[in-house]
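Please read the structure below before turning to the comments.
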């Protein structure tokens with residue numbers, strides 16, 4: 001950072017903002033940053049040279065026999081598939097266990113852990129696909145969550161993607177994951193309780209009211225892409241349904257395709273502006289057995305987090321994050337990234 005940019009950054013005072021969705025505080029400290037437009041990943045995820053190791057990749061077309069059992073594929077009943085949903089060969093939880101308590105504070109590791117192979121071609125990543133193809137991946141997520149919702153033993157399902165080794169990806173072939181649990185994780189309960197508290201005070205859903213011109217990046221017919229008002233991470237993006245809806249898997253195909261187009265655009269912008277950073281995205285939906293009193297305030301959304309900085313001891317110890325980029329500045333930078341997508 002140059003002396004002039006340091007002086008400009010320090011001229012803006014730090015702020016502490018309340019994240020009313022995750023019920024935590026975020027410190028915005030521009031003196032700790034470069035200019036927002038200067039943020040780049042120092043370890044881009046895509047390798048400039050093809051890796052010959054992909055020839056043994058079990059996710060590639062023709063190597064289906066090397067994978068765990070398949071759940072379904074798109075299109076159905078064809079060897080020329082586009083997307084496969086399979087069991088995870090190394091699952092965090094196991095579907096063959098009995099969902100019972102072992103002792104105080106311990107339950108059996110019952111659950112479902114699946115993998116969504118997003119393309120049969122190694123080296124093609126999610127934003128490289130067409131808008132329609134990304135929409136089909138979203139449809140695959142929805143279909144699998146609908147299947148898991150019929151299992152009366154499951155309470156919550158998390159759809160997520162880890163892109164890049166530093167973001168947790170163990171395979172370079174483009175894929176995402178789905179985990180179904182027999183319980184509601186504490187972070188999910190905190191999010192729902194926080195949104196209910198906002199609703200009880202204001203009579204409005206916090207996510208329905210979350211958008212403004214300052215933090216808006218792009219919009220589609222059914223969704224908004226924003227940098228949240230109290231973003232915990234630099235260039236964090238949320239994709240939020242315009243209409244109030246509690247469950248991701250209630251998406252119809254038209255909205256899934258619309259969502260896929262906006263997701264492709266945002267991932268392309270992040271890659272172009274930030275030098276193809278590792279990232280995580282998570283779909284924050286509602287527990288299957290949500291009390292009716294929470295439905296007016298439970299609003300699903302996708303959270304996209306580029307991995308640009310390291311969470312340190314202060315964040316781990318306090319639960320209070322430090323973000324060097326104000327959301328309004330990040331949104332402006334991403335708005336201005338010129339992308340042509342198909």
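Residue numbers (my numbering): 1 to 342.
Even glycine gets a Cβ: it sits at the ideal position worked out from N, Cα and C.
Note that this is a predicted model, so its numbers are computed, not measured.
Inset, instruction - Look at the alpha carbon of residue 303 and the alpha carbon of residue 62, and state the distance between them as a whole number of angstroms. - result: Between residue 303 and residue 62, the C-alpha separation is close to 33 Å.
Legend entry - Assumed close pair residue 140, residue 83 - CB separation to whole angstroms, cut-off 8 Å: The Cβ separation is near 5 Å, so the contact holds.
Inset, instruction - Tell me whether residue 327 is buried or exposed, calling it buried when 16 or more other Cβ atoms sit within 10 Å of its Cβ. - result: Around the beta-carbon of residue 327, 16 or more other beta-carbon atoms lie within 10 Å, marking it buried.
Inset, instruction - Decide if residue 73 is buried, meaning its Cβ has at least 16 other Cβ atoms within 10 Å, or exposed. - result: So residue 73 counts as buried.
Inset, instruction - To the nearest angstrom, report how far apart residue 124 and residue 174 are at their CA atoms. - result: Distance between the alpha carbons of residue 124 and residue 174: 7 Å.
Inset, instruction - Specify the secondary structure class of residue 314 as computed by DSSP and reduced to three states. - result: When secondary structure is reduced to three states using DSSP, residue 314 falls in the helix class.
Inset, instruction - Please state if the CB of residue 170 and the CB of residue 355 are separated by a distance shorter than 8 Å. - result: Because the chain spans 1 through 342 in this model, residue 355 falls outside it and cannot be assessed.
Inset, instruction - Compare the C-alpha of residue 107 against each of 225, 93, 117 and 113 and name the closest. - result: Distance check between residue 107 and each of 225, 93, 117 and 113 places 93 closest, using alpha-carbon atoms only.
Inset, instruction - Over the uninterrupted beta strand (DSSP E) stretch that includes residue 290, give me the two end residues. - result: Membership of residue 290 in any beta strand (DSSP E) is not indicated, and neither H nor E is assigned to it by DSSP.
Inset, instruction - Mind reading off the beta-carbon distance from residue 17 to residue 229? Whole number of angstroms is fine, and I expect it under 8 Å. - result: By a beta-carbon distance limit of 8 Å, residue 17 contacts residue 229. Their separation comes to about 6 Å.
Inset, instruction - Tell me whether residue 279 sits in a helix, a strand or coil according to DSSP, three-state version. - result: Note: residue 279 maps to strand in three-state DSSP.
Legend entry - Contact set for residue 20: own chain, Cβ-Cβ below 7 Å, skip 5 residues either direction: Here residue 20 has 194, 198 and 206 as same chain residues with Cβ atoms under 7 Å from its own Cβ, once five neighbours each way along the sequence are excluded.
Legend entry - Length of the line joining the Cα atoms of residue 285 and residue 189: Near 11 Å, if we compare the C-alpha coordinates of residue 189 and residue 285.
Inset, instruction - Note the first and the last residue of the continuous beta strand (DSSP E) segment covering residue 114. - result: The continuous beta strand (DSSP E) containing residue 114 extends over residues 112–117.
Inset, instruction - Identify the continuous alpha helix (DSSP H) that holds residue 104 and give its terminal residues. - result: Boundaries cannot be given for residue 104, as no alpha helix (DSSP H) includes it and DSSP labels it neither H nor E.
Inset, instruction - Please state whether DSSP places residue 298 in a helix, a strand or coil. - result: In the structure shown, residue 298 sits in coil (DSSP, three-state: anything other than H, G, I, E or B).
Inset, instruction - Have a look at 162, 148, 146 and 150 and flag the residue whose alpha-carbon is nearest the alpha-carbon of residue 280. - result: Looking at the Cα atoms, 162 is the closest of the given residues.
Inset, instruction - Determine the direct distance from the alpha carbon of residue 277 to that of residue 48, and round the result to whole angstroms. - result: Any reading at residue 48 needs caution, since the residue's pLDDT is 46, under 50, leaving its predicted position unreliable; the model's value is listed next. In a straight line, the C-alpha of residue 48 is about 14 Å away from that of residue 277.
Inset, instruction - Please confirm whether residue 88 and residue 177 have their CB atoms less than 8 Å apart. - result: Taking 8 Å as the Cβ cut-off, residue 88 and residue 177 qualify as a contacting pair.
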